[in-house]
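Inspection log for the structure reproduced underneath, given as structure tokens.
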Amino acid sequence: MPLLEPKPESLRPTAVRAPAHDRVPAALAEGTPLPLRRDLSALLGAEKVLWKVSDLVRYAADASPYRFVPQVVVVAEDVDDVSAVLSYAHGKGREVVFRAAGTSLNGQAQGEDILVDVRRHFSGVEVLDDGARARIQPGTTVVRANASLARYGRVLGPDPASAIACTLGGVVANNASGMAAGTTRNSYRTLASLTFVLPSGTIVDTADPTADEDLAHAEPKLCEGLLAVKREIEADPELVRRIRAKYEIKNTNGYRLDAFLDGQTPVQILRGLMVGSEGTFGFIAEVVFDTLPLDRSVSSALLFFPTLSAAAAAVPLFNAAGARAVELMDGNTLRASVSVSGVPQDWADLPKETTALLVEFRAPDATGQEEYERAAAEVLKQLDLVAPVPSVSNAFTRDAQTIGGYWKARKAFVTAVGGARPSGTTLITEDFAVPPSRLAEACEALLELQERHGFDAAVAGHAAHGNLHFLLAFDAGETSDVRRYAAFMDDFCRMTVERFDGSLKAEHATGRNISPFLELEWGSKATELMWRTKELIDPDGVLAPRIVLNRDPEAHLRGLKTIPRVEAEADPCIECGFCEPTCPSGDLTTTPRQRIVLRRELMRQPVDSPVGASLLDAYGYDAVDTCAGDSTCKIACPVGIDTGALMKDFRHRRHSPREERIAALTAKNFKAVEASARLAVAAADKISDRLLTSVTGLARKAVRPDLVPSWLPEIPGAAARALPRTSRSGAHAVYYPACVNRIFGAPDGHTGPSLPEAVVAVSARAGKPVWIPSDVRGTCCATIWHSKGYLDGNTVMANRIVEAAWGWTAGGRLPLVVDASSCTLGIAHEVVPYLTDENRELHAELEIVDSIVWAAEELLPGLTVHRTVASAVLHPTCSMQHLGDEAQLRQVAEACADEVVVPDDLRCCAFAGDRGMLHQELTESATAREAAEVTSREYDAYLSANRMCEVGMDHATGRPYRSVLLDLERSTRP
């Protein structure tokens, strides 16, 4: 063991708690049972089998209120792996569940036996026919697919609120639709073809002209059975009418029986049945969508009504006017949304009865947009709108930022309302549909039902389609609360079916919580046909049993997860998974959601639990060490949970008092430390990379990998001893070269000026000269200490830099321009919690400007471009995402290059200062997809705006990344 390896016990929760009834049993402390682990490792390779108890726990949670712990997790790499697992399950009598993003709301992504991860290695988009179609791998998110299509002015039909995280395999498997999809733009209607693997292992490509012939040869009994069911349905006119009527409104409850009416051959029938089958009929290996026009000309309004019925009455008027989306939010939803960044805070004062409609029109061009706006104006004349708080405008706008704020509030319904639930409660998310003409009546009936059963009343939904959503929060550890939920569900299901003839699931799919009520909605004949269909396709019941069909009347009450209280920063988490696609460590160790899920399991366990001990042993590396600390999870999380900040706090907990004292001493003497670091880099430049790699490798083994960085050949040489000479007189800004740019020099092979020289030169060239203070050495943005959880050192440097900046800028009269985006973020925002009261007041007067923003907004207007390169690829950093500076980076790059590309698979590089040297595997994993995209072609320039991120991207791609400001200086040099 390394000399300074931290003790796992330092991360043990300190709160006193009673063991939870749903804790992972002690029998799983050693993980997957050895025979199962050996079998699958021999079959697939050990690297594809996740067996530790921490693996099983982190995969046991999804966005639903349920929790089922798998026996093993298989990370499939291709269809052959999936087929091998299915064959093994058949031979051993085991069960298989497929999991992609884990954003499903009803437990569809959970299994109690073999769980197969089909996200990690199943990502990719191929745009076909100039954007008219797209071939997409099932682990690709909706947002990622639409990013590729946007270049062609096209978009997918399904638009679920979880598009940032949910994957296309899950979207198709659940027939998820969303805000504007309705019944005409969903997967069932826009899917051109798909390839799937049946439980038997048979692979079917519905686009193959010989698919029916091949299927008849491979599965004759299945083909005969499907055609027999089709004949039986078509022979019953009443049943045919019932099936057609059920799909006139949104409906994802049960299997798509209309597939038997729409399909003429077994393959065509299966193509329809696979949509909405929730992983119970096979593995969806690839989908081809017919895409739709993007319609970039958008006009939206958030309109406020005095009552719910008044809002509902306006819905058909906007539908008739051609609105693409009409979204409803009741008063409780609006008030809860103030927890979402960007939502007006005065919404908290809205009257309870207030209801809002978010109305959006989308057109292909300005002419169409103007026509829609005229139609909308005519509707507005007929409405009685209210403005209970100052932020309400009740007007249509074309402003993208305003429209984005409206949609952010609407899409955050689940997490905003759920995040405000009482601590320790489980969240149930339901959706249902009624005929749109009965929308107001259904809303009022639902709210009355919620109040009667003691639940907070709130409703939102896709009003244009009669599709409503609501939430229920209760304590799954309390029998009385579970029974209260059960009573509500009985009444709700009867109300929806018997009073409104509605759909118990409109777009979230049946799942575990509606399966007992399937027959109530569909009747016995249709339900038995669904059972027959399942038995035809999966006669051995291998795939996802008990998820769609379940004869247990209390199935929805089994497996409900308790939500133990954890650290305040993470406690509001409802495990939605929106954070996961942004997380750099997601394909290596854990995601933010999984870090919290593991924490909650620790809270469920008794203090002396062997499961708890195993979880703690793994948590240090899997959760704490390999967290990049970039906090992009906070951006993605609708309630702003910063798991990165929590991991930094855990790093602090693991520090000994001696380590904290050394870190503080380093901060106090940083001028000497900085000089020594520059000299060390200069010396290292004269030693072979091979020797340095060997020496640092030995030191890491002896001391601790999280303390001693590895040497990377991409690390640049030392910076010049002296910074450029500048004058304070006439300066338009104070220029602060970050310590990383004072220690490290230009990229290898760069022959022009250094970054500080370039910033000084280009600023003077634009008529806005900058001044570098003579005493910048020995100061830092404090990120070095902040990222590692060194509280005392962070406090020392945070206060030092603010005091220095106050003096340099003459009390904030000049802006402080910072040349590394992470340092800009550090000085502008991250230092604030660690400042004294007096320094916090000084900080409020400072204007901190990133050098990219300075160049885009202040310098470019005064510069003349003399030369450009043909192409450039950008790596916007995670700090830029926090600062909102990505557009300015592109603006500067477009001045230097004729073609500028931002990779669709962009993600934080996870280099995180020196973390990429402490854990090379983290950066390599985080950048794998972006690197593959970047290296698929050649560019003339590889540009970013942070030295260590550039080093990380050098390491990932083998391409020479540099600051965009170096290219700006070159492009504008006379």
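For the sequence shown, the working numbering begins at -1 and goes up steadily by one. Using N, Cα and C, we set each Cβ at its ideal position, and we do this for glycine too.
Under the criterion of beta carbons closer than 8 Å, Glu284 and Thr193 qualify as touching, at roughly 4 Å. DSSP places Met272 in the helix class (H, G or I) of the three-state scheme. Annotation for Arg133: Glu124, Leu126, Glu284 and Val286 place their beta carbon closer than 7 Å to its own, counting only its chain and skipping 5 residues before and after.
Judged by their CB atoms, Gly270 and Val195 are not nearer to each other than the 7 Å cut-off.
In its chain, beyond the 5 residues on either side, Thr624, Glu919, Leu920 and Ser923 have a beta carbon closer than 7 Å to the beta carbon of Leu586. Restricting attention to Ala398, Val341 and Glu428, the CA atom closest to the CA of Val387 is found in Val341.
Pairing Pro570 with His784, the inter-Cα distance amounts to about 24 Å.
A Cβ-Cβ separation of about 4 Å places Gly129 in contact with Arg152 under the 8 Å criterion. Shown here, Gly403 sits in a helix according to DSSP, grouped into three states. In the structure shown, the three-state DSSP call for Glu28 is coil. For Arg563 against Ser337, the beta-carbon gap comes to about 18 Å, at or over 8 Å, which does not count as contact. In the DSSP assignment, Trp769 is bridged to Val732. With at least 16 other beta carbons inside 10 angstroms of its own, Pro735 counts as buried. Boundaries of the alpha helix (DSSP H) around Val949: Arg945 to Thr955. Following the DSSP letters along the chain, one finds Thr427 inside the beta strand (DSSP E) bounded by residues Thr424 to Ala431. By the neighbour-count definition (other C-beta atoms within 10 Å, threshold 16), Lys646 is a buried residue. Proximity of the stretch 810 to 828 to the stretch 874 to 882 meets the contact definition, three or more beta-carbon pairs being nearer than 8 Å. Residue pairing by DSSP places Val71 opposite Leu48 and Leu113 in a beta bridge. Of the other Cβ atoms in all chains shown, 16 or more fall within 10 Å of the Cβ of Arg740; this residue is therefore buried. CA-CA distance, Val863 to Tyr940, rounds to 19 Å.
Under the 10 Å beta carbon count, Leu858 is surrounded by 16 or more other beta carbons and is classified as buried. In the DSSP assignment, Met327 falls within the unbroken beta strand (DSSP E) covering Ala323 to Met327.
Contact check for Val71 against Tyr86 fails: the beta carbons are separated by 7 Å or more. With a threshold of 16 other beta carbon atoms within 10 Å, Thr289 meets it and is buried. In the structure shown, Thr289 adopts coil according to DSSP, grouped into three states.
In terms of Cα proximity to Gly787, the closest of Trp769, Glu657, Arg676 and Pro901 is Glu657. Here DSSP, grouped into helix, strand and coil, assigns Arg598 to helix.
In this structure Gly464 is buried. Its beta-carbon is surrounded by 16 or more other beta-carbon atoms within 10 angstroms. Fully enclosed beta strand (DSSP E) runs of no fewer than 3 residues occupy 846 to 848, 867 to 872 and 895 to 899 of the stretch 845 to 914, in order along the chain. Looking only at Gly765, Ala616 and Asp256, the smallest Cα-Cα distance to Leu48 is reached by Ala616. Put simply, the stretch 89 to 105 does not touch the stretch 140 to 154. Fewer than three CB pairs are less than 8 Å apart. Excluding residues up to 5 positions away in sequence, Ser819, Ser820, Cys906, Cys907, Ser942, Ala943, Asn944 and Cys947 lie with their Cβ nearer than 8 Å to the Cβ of Thr875 in the same chain. At a cut-off of 3 residues, the continuous stretches assigned as beta strand (DSSP E) that sit fully inside the stretch 127 to 174 are 131 to 134. Around the beta carbon of Asn173, 16 or more other beta carbons lie within 10 angstroms, which makes this residue buried. Distances from the alpha-carbon of Leu381 to those of Ala354, Trp405 and Phe468 put Ala354 closest. The stretch 765 to 779 makes contact with the stretch 663 to 673: 3 or more CB pairs, one atom from each, lie closer than 8 Å.
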